[in-house]
Each structure stands twice: as C-alpha cells, then as structure tokens.
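The opening position of the sequence shown corresponds to residue 633 in our numbering, with each subsequent residue numbered one higher. For each residue, glycine too, the CB sits at the ideal point set by N, CA and C. Computed from a predicted structure; not experimentally measured. Okay, structure first, notes after.
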Amino acid sequence: MSILKVARMGHPVLREKARELTQAEIKSPKIQTLIDDMIETMHEYDGVGLAAPQIHESLRISVIEFDLESERYKNAGQQSLIVCINPKIKVLDKKTSGYWEGCLSVPGIRGFVKRPQKIEVQFLDRNGEKQSLTAEGFLATVFQHEFDHLDGQLFVDKIDNKEQLAFTEEYVRYHHTSEEEELD
Ligand code: ZN
Numbered sequence: 633m634s635i636l637k638v639a640r641m642g643h644p645v646l647r648e649k650a651r652e653l654t655q656a657e658i659k660s661p662k663i664q665t666l667i668d669d670m671i672e673t674m675h676e677y678d679g680v681g682l683a684a685p686q687i688h689e690s691l692r693i694s695v696i697e698f699d700l701e702s703e704r705y706k707n708a709g710q711q712s713l714i715v716c717i718n719p720k721i722k723v724l725d726k727k728t729s730g731y732w733e734g735c736l737s738v739p740g741i742r743g744f745v746k747r748p749q750k751i752e753v754q755f756l757d758r759n760g761e762k763q764s765l766t767a768e769g770f771l772a773t774v775f776q777h778e779f780d781h782l783d784g785q786l787f788v789d790k791i792d793n794k795e796q797l798a799f800t801e802e803y804v805r806y807h808h809t810s811e812e813e814e815l816d
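See below:
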C-alpha cells in the first residue's frame, strides 16, 4: 500500500465530474489497490473521508471512516470504514443543519456549510455489491461532502455567509463553540 499525494484546491482534477466504474473495473487489482491506497492516505492525513479526485483519479469512489471521540470532535461519534462506489443520494428530510467543514484538499481553512441532515445513500461496495443506508447528522454531512468531490464541488462553494470562512487558527480563536461540530 502507499500514501498518495493529495490534490489541493486549484488543481483542475478537483473540478471535473468523475466517471462511474464498471463491475469489471471494481474487481480489478488496479482499483482494489487504489481503494487500499485511498484508505491508507485518509488515515495518514487524519481525514474522515477521501474521494478519488482528491488523489488525482477522476473516478466515483469515496472512502469514509472516523472515530471522533476526542475533545476536538465531541458528539460526532464513530463510523467504521465504508467504501462507496458510484454513489447516489436521496434527501429524506430537507431540514438543514451546519458544520464547520474542512478538507484535505483545502488545508488550513474552515467554513460553515448547511446541508440536509437526513439522507439515504445507495452505492456499490468494493466487491461490487449494492448497498444502501440511511444517514443522519454528521455522517449525512460527511457523505454529502465526499460525494460533492465526485461532481467537482468543494465545500467552499457552499458557504452561504462568507464571514463563516476562516483560517483554522482564526476559526479556533473566534468561531469555535462547544455546540458546533467540525469536519476535517
Ligand atoms: Zn473534501
């Protein structure tokens, strides 16, 4: 396995619409290795998720995993590893809630983004099997953030109030309150 280089905001690959994978591709050693490398890269950089365009591959693959019991991420909880290929989202409840999001492709920046908090996601797992699950709260936000990468969108595009866009240091100093959760 290897740790891959992460594309940063401004790299055109982050603005492309990524393409779907075929069943044969999903089962290929090349894609299986890529998924392993994405997982290792997410762990290395302490991300809660990573999408293939972030490692310069314009493919519809995202990985998500977090254990946010630390003080910094209190209330965010835990999610065991999910590998999502060709994902689709259905919003179950349009009511939105916001998190201060961050992104490995936009290092050192935080922004407050409001998104629907109850969704259903359908995707293929790394064996090409169909999966679906319902997600709420922080996990719903993580799915939407990661799947936006597959359509060439970044969280900074979705910040309504530009006063809620900050460098991490200033975010911690002026905007962080215990009620708000973060995403990185
Ligand atoms: Zn991101």
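Helix, strand or coil for residue i, going by three-state DSSP, please let me know.
i: G769; result: helix
i: D792; result: coil
i: Q776; result: helix
i: H683; result: The question names His, yet the displayed sequence has Ala at residue 683. Three-state result, A683: strand.
i: S702; result: With a pLDDT of only 49 at S702, under the threshold of 50, the placement of this residue in the model should not be trusted; the figure read from the coordinates follows. Here S702 sits in coil by DSSP.
i: I667; result: helix
i: E752; result: strand
i: H643; result: coil
i: E648; result: coil
i: L797; result: strand
Please tell me whether residue i and residue j are closer than 9 angstroms, where the distance is taken between their beta carbons.
i: L653; j: L771; result: no
i: H797; j: R742; result: Residue 797 is actually Leu in this sequence, not His. Yes, these two residues count as a Cβ contact at 9 angstroms.
i: F775; j: I696; result: yes
i: H675; j: L636; result: no
i: R651; j: S694; result: no
i: L782; j: P739; result: no
i: L666; j: A684; result: yes
Return the first residue and the last residue of the alpha helix (DSSP H) that residue i is part of.
i: Q785; result: Unbroken run through Q785: none, as it is neither H nor E.
i: A656; result: 655-659
Mind checking which residues open and close the beta strand (DSSP E) that includes residue i?
i: V715; result: 709-735
i: R805; result: From DSSP, R805 is part of no beta strand (DSSP E); its letter is neither H nor E.
What residues in its chain sit with their C-beta under 6 angstroms from that of residue i, if we drop five residues either side in the sequence?
i: R640; result: S737
i: G784; result: R647, E648, K649
i: K722; result: E752
i: T766; result: E752
i: D725; result: K750
i: S729; result: Q749
Within a Cβ cutoff of 7 angstroms, which residues of the same chain sit near residue i, ignoring the five residues on either side of it in sequence?
i: Q655; result: G760
i: Q711; result: I696, E697, F698, L771
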